[in-house]
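All remarks here apply to the structure that follows.
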Ligand SMILES: NC(=O)c1ccc[n+]([C@@H]2O[C@H](COP(=O)([O-])OP(=O)(O)OC[C@H]3O[C@@H](n4cnc5c(N)ncnc54)[C@H](OP(=O)(O)O)[C@@H]3O)[C@@H](O)[C@H]2O)c1
C-alpha cells in the first residue's frame, strides 16, 4: 500500500466564480486505522453544486467548509484495512470522506453497498444523494398525477435526469429545461422526456416562456426547480391552477447573482404550493427511496449518465466545469 496519499483542501474562499487557486493539493502520510476504525480507499468522489455554497462563510442550512481542511463530499470506495467489527477488507462502501484518496472513520456515515446489480459509482448519483433528492421532491412535494405536465430544470444533470424519468413512470407529460442542443437531445432521446427547452437558445424570460408554451401546451402542473432565475420566472407565466413548485436548487444565483421573482401574482392567482427542501432533513425516507431507485436501475427503468474526471488533481477543474454546466449527468472524479 502507498505510504502517502493526496487530498485537496479549501485554500481560500471564492469571491464570485470559483477559481482553481481556491483549492490546494497536499500529500500526507497514510494513517493506520486505530481500534474501532476503518481505512477506506476512495474510488470515486462526488462533485455536487452544494459544495459551492459551503465554500462561502455565509448563513446556510449547513456550516461553512473550514479553510485548510479537506473539502467535504461524498465518496464511494473499498475497505482496505479494518479494526471495526462491522467492516471487513474488501467491503464496498459509500461515505463522507471528501476530496481525498483515502479516509479513516469510526463508521459514522459509512454504509456498505451491494455492487452486484448496481455499479459502485451509481451510489453517488442515481442511487445516492442526487437520486434521493429527485425521489423526494417528485414524490413527496410535487406528487404528480398521470396526465399532468411536469417541468424540471437542469434536466440533463444528476437530479433533473432522474426527476423526469420518475415523472414519466407516474404517467406525466415531462418537459426538461437544459442548456444547449446536445443536452436537450440527450434528455429527449436517451432519458425519454417528451420535450426539452434549451434555455440558452431561448434567451431570457419571454423566450423561455414562449418555448414552454409550445412544449407544455396544456400549462404546467408541477415544476421541479433546480436553478431559479429566468427559468423560474418563465415557468411562473405558464402555471395551471393548483400547481406545485419544489424548490430544490437555485444554481443561477450560487455566485451571488441577484435572482428576483419578477411577478409573484401567479402564486396567489393559481393557488400555488411552493416548497423548498433539503434532502438531508429526511434520513428516515432514505432506505425506502434508495431501495426503489436501486430496483428501477437494476430493472433498466431508470437510466443515468456520468461525466467522469480522472484523478484527484482534476477535481477543482471538474467542479468549476459542473458549475458552468459542462457535465452531462452525474459529475464524478475517479480516484482508483
Ligand atoms: N435541496 C437539496 O437537498 C439538493 C440536493 C442535491 C442537489 N440540489 C440542487 O439540485 C440542483 C441540481 O444538482 P445536481 O447535482 O443534479 O447538478 P447537475 O444538474 O448535474 O449540475 C448542475 C447543472 O446546473 C446547470 N446550471 C448551471 N448554471 C446555471 C444557470 N445559471 N442557469 C440554469 N442552469 C444552470 C448546468 O446545466 P445546464 O447546462 O443545463 O445549464 C449544470 O450542469 C442544484 O441546484 C443543486 O444545488 C439540491
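Numbering (our numbering), first residue to last: 485 to 820. From the three backbone atoms N, C-alpha and C, an ideal C-beta is built for every residue, glycine too.
| Item | Value |
| --- | --- |
| For residue 487, does the count of other Cβ atoms within 10 angstroms reach 16, so buried, or fall short, so exposed? | exposed |
| Do you know whose CA, among 522, 491, 523 and 545, lies nearest residue 732's CA? | 545 |
| Looking at the strands, I want to know which residues DSSP matches up with residue 624. | BP columns for residue 624 are empty, so no partner. |
| Would you check whether ligand 3 has a heavy atom nearer than 7 Å to the C-beta of residue 784? | Ligand 3 is absent from the structure shown, which contains only ligand 1. |
| For a test of the three-state rule: what should DSSP assign to residue 704, helix, strand or coil? | strand |
| Beta-carbon within less than 6 Å of residue 594's beta-carbon, same chain only, minus the 5 sequence neighbours each way: which residues are those? | 577 and 579 |
| Please report the straight-line C-alpha distance between residue 726 and residue 743, rounded to a whole angstrom. | 24 Å |
| Mind checking whether the beta-carbon of residue 729 lies closer than 7 Å to any heavy atom of ligand 1? | no |
| Would a C-beta distance cut-off of 8 Å place residue 786 and residue 646 closer than the cut-off? | yes |
| Under the DSSP definition of a beta bridge, which residues are partnered with residue 723? | 704 |
| Just mark residue 499 as buried or exposed, buried being the case when its beta carbon has 16 or more other beta carbons within 10 Å. | exposed |
| Could you check whether the Cβ of residue 815 sits closer than 7 Å to any heavy atom belonging to ligand 1? | yes |
| Since residue 562 and residue 524 are thought to touch, with beta carbons under 8 Å apart, how far apart are those beta carbons, to the nearest angstrom? | 7 Å |
| Closer than 8 Å is the cut-off here; do at least three beta carbon pairs connect the stretch 778-798 with the stretch 596-605? | yes |
| Please return the same chain residues whose Cβ sits closer than 6 Å to the Cβ of residue 793, not counting the five positions on each side in sequence. | 802 and 817 |
| Would you decide whether residue 652 is buried or exposed? Buried here means 16 or more other CB atoms lie within 10 Å of its CB. | buried |
| Going by DSSP, name the residue or residues bridged to residue 507. | 494 |
| Within the present structure, is the beta-carbon of residue 763 separated from the nearest heavy atom of ligand 1 by less than 7 Å? | yes |
| To which residues of the same chain is residue 587 closer than 6 Å at the C-beta, ignoring the five residues directly before and after it? | 524 and 581 |
| Contact defined as beta carbons within less than 8 Å: I believe residue 641 pairs with residue 526. What is the distance between those atoms, to the nearest angstrom? | The pair is not a contact, with the Cβ atoms about 22 Å apart (cut-off 8 Å). |
| Measure from the C-beta of residue 518 to each C-beta in chain D and report whether the shortest distance is under 8 Å. | You won't find chain D in this structure, because it holds only one protein chain. |
| Since I believe residue 662 is in contact with residue 639 (beta carbons under 8 Å), could you give me their beta-carbon distance rounded to a whole number of angstroms? | 5 Å |
| So which of 706, 491 and 612 has the shortest CA-CA distance to residue 507? | 491 |
| Have a look at residue 689 and residue 502 and give me their C-alpha separation to the nearest angstrom. | 26 Å |
| Is there at least one non-hydrogen atom of ligand 1 closer than 7 Å to the beta-carbon of residue 732? | yes |
| For residue 634, write down the residues that DSSP places opposite it in a beta bridge. | 658 and 706 |
| When we look at the beta-carbon of residue 485 and count the other beta-carbons within 10 Å, is it buried (16 or more) or exposed? | exposed |
| Please say whether residue 528 and residue 560 have beta carbons closer to each other than 8 Å? | yes |
| Taking residue 587 as part of the beta strand (DSSP E), name the residues at either end of that continuous run. | 586-589 |
| Cutting at 7 Å between CB atoms, please list the residues of its own chain near residue 751, excluding the five before and the five after it. | 758 |
| Given the structure, does residue 617 come close to ligand 1, in the sense that its CB is under 7 Å from one of the ligand's heavy atoms? | yes |
| Since residue 615 contacts residue 558 with CB under 8 Å, what's their CB separation in whole angstroms? | About 12 Å; that fails the 8 Å criterion. |
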